[in-house]
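Structure record follows, encoded as structure tokens.
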Amino acid sequence: MSHVQPPARQPVATAILEQLQTIANRFPSPAVRCLHVPRRVEAAGEHDAEFCAIELEDGAFGLSYILLGDTLENILRTHGGKTPLAGADAMGLACQLTSSDPVKRAVALAAANALTDSVWRRCGYEPPSAGNSLGDIVLGPDDHLGMIGFFPPLVRRIDAVGGRLSVVEMSEEIVHLQQERFPNVTITTDRDVLRDCNVVVGTSTMLLNDTLDEMLGAAPKAGRFALIGPSAGLWPDELFERGVTLMGGTRIVDANGFRNAMANGESWSHATRKFAVARESWPGWRGLLAGTH
3 MSHVQPPARQ PVATAILEQL QTIANRFPSP AVRCLHVPRR VEAAGEHDAE
53 FCAIELEDGA FGLSYILLGD TLENILRTHG GKTPLAGADA MGLACQLTSS
103 DPVKRAVALA AANALTDSVW RRCGYEPPSA GNSLGDIVLG PDDHLGMIGF
153 FPPLVRRIDA VGGRLSVVEM SEEIVHLQQE RFPNVTITTD RDVLRDCNVV
203 VGTSTMLLND TLDEMLGAAP KAGRFALIGP SAGLWPDELF ERGVTLMGGT
253 RIVDANGFRN AMANGESWSH ATRKFAVARE SWPGWRGLLA GTH
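Under the numbering used here, think of the first position of the sequence shown as 3, with each following residue one higher.
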């Protein structure tokens, strides 16, 4: 008796775009007001994280990580003008999420997050506030934590409770850098170390480098799989369907404070609020928008 193979799952970026377009058919997208890029080009390489932001005409924002490869330098060169992308079609930008160009992809993720924020604002949805800076991740002594990307506060937390830790990074260069900072932590590019982890925390950068499905597959015992970071601000339905159990993101709540901080090359954390959306409590996008016009 022959077995029929299930159809291959479409790439997560494609699925996200299809959902965004379906929702945009009900909630037409505002135009882009501005792409905010970091000011301090001279500081490239001195920070663990750097982000750009798309701001829409209705006041919605979306963030995206820009330290993959030379994305930061290229985005500053391409979009370093006074009001970059003003008037652009946000959905058109988001459609570049499947592009092979890292700059287009970073801007696309920011646009997708901004479009999500726009509809959440219009329907009055406030994502639950995170109880801690790492998206409500709670750890115990029996946990084997897998980290995809590096979260120094989690290293201290797993040490405090006596659990195990394995870290996967994307390049040998980053592995060597982090091993110098944390010589007692297992850090590798080999995702096989996730095989026995029951808790996994990964950066939302996986949405930019197309590794989310691979990492989910590499951690079959992970009863909890959190995707966290400022870039995680989109509709979580496709993430939850694939096995993510929590999405922890950052929402801009003080527009002027954020704009000023970006323009002056300062920290903008004071202008934001961290949130955590759990799979078990998420109503689904259709449930969330039911009755909304």
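Ideal Cβ placement from N, Cα and C applies to all residues, glycine included.
> Do you know whose CA, among Tyr127, Arg158, Val202, lies nearest Ile230's CA?
Replying inline: Proximity to Ile230 across Tyr127, Arg158, Val202 peaks at Val202, based on C-alpha coordinates.
> Could you give the distance in angstroms between the alpha-carbon of Thr16 and the alpha-carbon of Gln23?
Replying inline: Their backbone Cα atoms lie some 11 Å apart in a straight line.
> With burial defined as no fewer than 16 other Cβ atoms inside 10 Å of the residue's Cβ, what is the status of Thr294: buried or exposed?
Replying inline: Under this definition Thr294 is an exposed residue.
>> Could you tell me which whole beta strand (DSSP E) segments of length 3 or greater appear in the region 119–156?
In response: Runs of the beta strand (DSSP E) spanning 3 or more residues and lying entirely within the region 119–156 occur at 146–150, in chain order.
>> Counting only beta-carbon separations shorter than 8 Å, does Ala33 have a partner in chain B?
In response: Protein chains in the displayed structure number just one, and chain B is not present.
> At which residue ranges does the region 77–118 contain complete alpha helix (DSSP H) runs of 4 or more residues, listed in the order of the chain?
Replying inline: Taking 4 residues as the shortest admissible run, the region 77–118 contains the following complete alpha helix (DSSP H) segments, listed from N- to C-terminal end: 92–96.
>> How far does the alpha helix (DSSP H) with Arg261 in it extend, from its first residue to its last?
In response: 257–265 is the span of the alpha helix (DSSP H), which, as asked, contains Arg261.
> Which value, in whole angstroms, describes the spacing of the CA atoms of Glu174 and Asp192?
Replying inline: The straight-line gap from Cα to Cα measures roughly 10 Å.
> Which residue's Cα is closest to the Cα of Thr80: Ala90, Val105, Ala224?
Replying inline: Ranking Ala90, Val105, Ala224 by Cα distance to Thr80 puts Val105 first.
> Given a threshold of 16 other Cβ atoms within 10 Å of its Cβ, counted over all protein chains shown, does Ala45 qualify as buried or as exposed?
Replying inline: Low confidence applies to Ala45: its pLDDT is 46, below 50, so where it sits in the model is not reliable enough to give any reading.
> Any idea what DSSP makes of Thr294, helix, strand or coil?
Replying inline: Coil.
>> If I measure Cβ to Cβ from Gly286 and keep anything under 8 Å in the same chain, skipping five residues before and after, which residues do I get?
In response: Within the same chain, Gly286 has close Cβ partners Asp239.
> Based on Cα-Cα distance, which residue from Glu282, Arg288, Ala278 lies nearest to Glu128?
Replying inline: Its Cα nearest to that of Glu128, the residue Ala278 stands out among Glu282, Arg288, Ala278.
>> Using only the alpha-carbon positions, how far apart do Glu243 and Cys199 sit?
In response: A straight-line Cα-Cα distance of about 20 Å links Glu243 and Cys199.
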